[in-house]
Amino acid sequence: MKKIRKSLVTTLSFILFLSVQILIDKAIAQPPGQQRAPLPPIPLKGDTSHTLTRHFKFANNTKIPPYENGFIHRWLVLEPIKKDIARNNIFTDNYLRNEFKNNNFSEDYLLIPKPGEMVKVGNQDLDWYALDSKTFNFNLFNFSYDINKPKYGLLFWLVTVIDCAEEIQHVRMTAGCNSGGMFWLNGQEALMLSGDRDMIVDNVASPLITLKKGKNIVRGAVINGPGMANFCLRFIDEKGKPVKNISISKD
Numbered sequence: 341m342k343k344i345r346k347s348l349v350t351t352l353s354f355i356l357f358l359s360v361q362i363l364i365d366k367a368i369a370q371p372p373g374q375q376r377a378p379l380p381p382i383p384l385k386g387d388t389s390h391t392l393t394r395h396f397k398f399a400n401n402t403k404i405p406p407y408e409n410g411f412i413h414r415w416l417v418l419e420p421i422k423k424d425i426a427r428n429n430i431f432t433d434n435y436l437r438n439e440f441k442n443n444n445f446s447e448d449y450l451l452i453p454k455p456g457e458m459v460k461v462g463n464q465d466l467d468w469y470a471l472d473s474k475t476f477n478f479n480l481f482n483f484s485y486d487i488n489k490p491k492y493g494l495l496f497w498l499v500t501v502i503d504c505a506e507e508i509q510h511v512r513m514t515a516g517c518n519s520g521g522m523f524w525l526n527g528q529e530a531l532m533l534s535g536d537r538d539m540i541v542d543n544v545a546s547p548l549i550t551l552k553k554g555k556n557i558v559r560g561a562v563i564n565g566p567g568m569a570n571f572c573l574r575f576i577d578e579k580g581k582p583v584k585n586i587s588i589s590k591d
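Convert by adding 340 to the 1-based position in the sequence shown; the result is the number in my numbering.
In structure tokens, the structure reads:
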């Protein structure tokens with residue numbers, strides 16, 4: 341009899357646990373098609389001084405190699421363009437193309453900006469920075485915080501120069517970003533990252549492309565509403581191994 345009671349108590353406890361778990365899942369679930377709840381502010385522990393050198397180094401005139409895993413960590417980055425973006429699930433291909441076209445600092449996709457140069461986008465006067473990220477990913481949230489700019493609802497423009505001693509064929513550009521973005525190589529669209537994404541390494545890969553001998557200009561645009569904003573980019577060969585026989589410069 342005691343064994344039967346013990347078994348019954350165990351069964352009822354398990355049923356109660358499942359019922360509570362189902363209620364919790366329903367409470368926190370996000371119905372399909374609805375926007376993600378706004379994220380709370382992300383505190384930057386120990387940093388209240390808005391100091392760029394906490395997360396970045398100012399790029400110098402010396403060419404640098406990519407990180408050991410191939411990631412490009414030197415970028416010219418424009419101060420963020422403020423946008424009214426309440427949610428990130430609006431980032432369709434058409435939306436991104438329209439936003440990047442209408443908020444472009446230059447229609448010349450081979451243009452290499454100069455650090456400290458000011459450009460006007462809409463009614464906003466914005467400065468260019470040349471920075472080396474201290475991590476494999478370029479954290480735009482940290483960049484915006486460090487220069488005392490808004491952290492959410494922003495569009496970032498990026499440029500870097502990839503120098504090749506010889507032509508490198510049959511490679512792919514890969515990138516991940518949070519939330520939406522596009523990247524161009526030598527004036528041609530290479531990658532589209534639409535939708536509400538988290539940054540995942542090699543999230544999207546281009547078709548096979550060729551890095552020409554000499555300078556190759558990469559331009560990028562990343563846009564985000566609420567939440568984190570960052571990206572990572574590298575080139576991989578046909579076997580998926582990082583391309584490392586390149587150098588990175590800011591001009």
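Beta carbons: idealized from backbone N, C-alpha and C, even for Gly.
In the DSSP assignment, N434 falls within the alpha helix (DSSP H) that extends over 433-442. Checking the DSSP bridge columns, you'll see D503 partnered with K555, S587. Every alpha helix (DSSP H) stretch that sits fully inside the stretch 461-527 and reaches 4 residues is listed by chain position as 480-486. Per DSSP, L573 is one residue of the beta strand (DSSP E) stretching across 570-576.
Nearest neighbour of Y492 by Cα position, chosen from D424, Y435, L551, D448, turns out to be D424. When rounded, the separation of the alpha-carbon atoms in V558 and V417 is 12 Å.
Residue state for T391 is assigned as coil, using DSSP reduced to three classes.
Under DSSP, the beta-bridge partners assigned to M458 are D467. Counting of Cβ neighbours within 10 angstroms places F575 among the buried residues, the total reaching 16 or more.
Non-local C-beta neighbours of L480 in its own chain, meaning closer than 8 Å and more than five positions away in sequence, comprise V417, P420, L494, F496, V562, N564, A569, N570, F571, ordered along the chain. Nearest C-alpha to W468 among V459, T475, K474, N400: V459. In this structure, the alpha-carbon of N401 lies about 7 Å from that of S589. From the listed residues G410, W415, L498, T391, the smallest Cα separation to N488 is found for T391. In the DSSP assignment, F398 falls within the unbroken beta strand (DSSP E) covering 396-398. Per DSSP, the continuous beta strand (DSSP E) segment holding L416 begins and ends at 414-418. Here D503 has K403, G554, K555, N556, I586, S587, I588, S589 as same chain residues with Cβ atoms under 8 Å from its own Cβ, once five neighbours each way along the sequence are excluded. In this structure G535 is in contact with G520, their Cβ atoms being roughly 7 Å apart against a cut-off of 8 Å.
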